[in-house]
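Protein chains in written order, with this note's numbering: chain W, 1 to 213; chain H, 1 to 226.
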């Protein structure tokens, strides 16, 4: 390195070597990934001026793969968004994972975006009238949870509203029945069953009367 | 151990000074504690007794997670330790567990199910045995609940009837005399109700709701108007 001639020559060689690195074949990146949980049609993804429609899989909620048609070059920024969601569903980054839909091509060797969709949920409930004793337990089938209705405070005669803790997915059925009757009373349920639409259900009304002796 | 012994010896001798000052009856402490050998011996006994108190002198937790535990009765063992895992109050059947006593580095462990809740078919343990390097949080216990049938009879059905048990939906064809819903886990509630009545008929359900015991439910009866 003592010679002043060797130094520039070396620098030149280094520069030539680096330029060679980029090569004539440019690195290109496919914007792709997977989505889980799709049940309904309507999903459209968009990024960098491209759009792709994602039909629901044959088996609802199965993992579907997507890939945008045009490749990106090193350094291009992508930001994949749902232009429209599957109907009655919401989609986003799966819980407990790091969002990866907005990044720079080339930061990782491969782009692999993960999304998860969930069907919208709505609550079910109604009012309880005439309840004067403890012990009333309602249930929404075997897996929809139970709801123990406490006796209203003395003097309360207006219907008391209640809501199940467990929500019901759009399109799923519900069926509320009395699992345990209150002491000395018989309760009946109006509008007990239905298929969930896009709104909370508030008309599952329970009426209690004295048990026939 | 030497340090501990020295510490306890000192504490005991301080104590005997104190007793002397308080003029305790000589026959209680004075005579006995006169000998330094005896004093050291007593300190040693004391130290041994104290270390025995902890059960084990480890620092590492041995446990993991459980699921499917909705009833008391699950007991697991490892190296003479027993742990009863109680079901969580929220009814989810899942949570974290750990043995009460800590274990030491390099201790070998092998966790086994000693008894299971009565509503469980089988409990399996993932990563049951090993050698502790650090806290062990990876012993996963999964209990599979017993499942029972939910079925009943139908009378006078002339059209199609749709029954539900919560999110479980079953269409009963015209003319059917029986129906069968999806199986349900032991101790869970059930409530069979009519979602769609057959054309021109009204069907009512009797014995439609309750809690599943240790046997199948077969007494749900659907009766339709003529």
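Think of the CB as a built atom: it goes at the ideal place given N, C-alpha and C, for glycine as much as any other residue.
Neighbourhood of residue 123 of chain W in chain H, by CB distance below 8 angstroms: empty, with the nearest CB roughly 15 angstroms away. If you look at residue 158 of chain H, you'll find it isn't in any beta strand (DSSP E); DSSP assigns it neither H nor E. Bridge partners of residue 100 of chain H according to DSSP: none are assigned. Distance check between residue 149 of chain H and each of H:108, H:185, H:104, H:90 places H:185 closest, using alpha-carbon atoms only. A straight line joining the alpha-carbon of residue 68 of chain H with that of residue 49 of chain W spans about 49 angstroms. For residue 197 of chain W, the three-state secondary structure derived from DSSP is coil. Taking all protein chains in view, the Cβ of residue 168 of chain H is crowded by 16 or more other Cβ atoms within 10 Å, so the residue is classified as buried.
Of all residues in the stretch 172 to 195 of chain W, those with a C-beta nearer than 9 angstroms to a C-beta of chain H are 172, 173, 174, 175, 176, 177, 178, 179, 180, 189, 192, 193, 194, 195, reading in chain order. In this chain, the beta strand (DSSP E) harbouring residue 182 of chain H covers 178 to 185. Among the CB atoms of chain W, none fall inside 8 angstroms of the CB of residue 141 of chain H. Those residues of the stretch 113 to 142 of chain W placed with their C-beta closer than 9 angstroms to a C-beta in chain H are 137, 138, 139, 140, 141, 142, ordered along the chain. For residue 68 of chain W, the secondary structure class from DSSP, reduced to helix, strand or coil, is coil. Nearest Cα to residue 206 of chain H within the set H:183, H:171, H:152, H:162: H:152. By the CB criterion at 8 angstroms, residue 179 of chain W and residue 211 of chain H fall inside the cutoff. Its Cα nearest to that of residue 124 of chain H, the residue H:145 stands out among H:104, H:145, H:135.
Residue 189 of chain H carries a strand assignment under DSSP once its states are collapsed to helix, strand and coil. For residue 74 of chain W, the number of other beta carbons within 10 angstroms of its own is below 16, and it is reported as exposed.
Here DSSP, grouped into helix, strand and coil, assigns residue 53 of chain W to strand.
Under the 8 angstroms Cβ criterion, the stretch 128 to 144 of chain W does not count as touching the stretch 96 to 104 of chain W, having fewer than three qualifying pairs. Residue nearest to residue 45 of chain W within the set W:190, W:78, W:62, W:125 is W:78 (criterion: CA-CA distance). Taking 8 angstroms as the cut-off, the beta carbon of residue 204 of chain W is found closer than this to the beta carbon of residue 125 of chain W. Residue 184 of chain H reaches chain W at 142, counting residues in chain order whose Cβ is nearer than 7 angstroms. In this structure, the beta-carbon distance from residue 194 of chain W to residue 166 of chain W does not fall below 8 angstroms.
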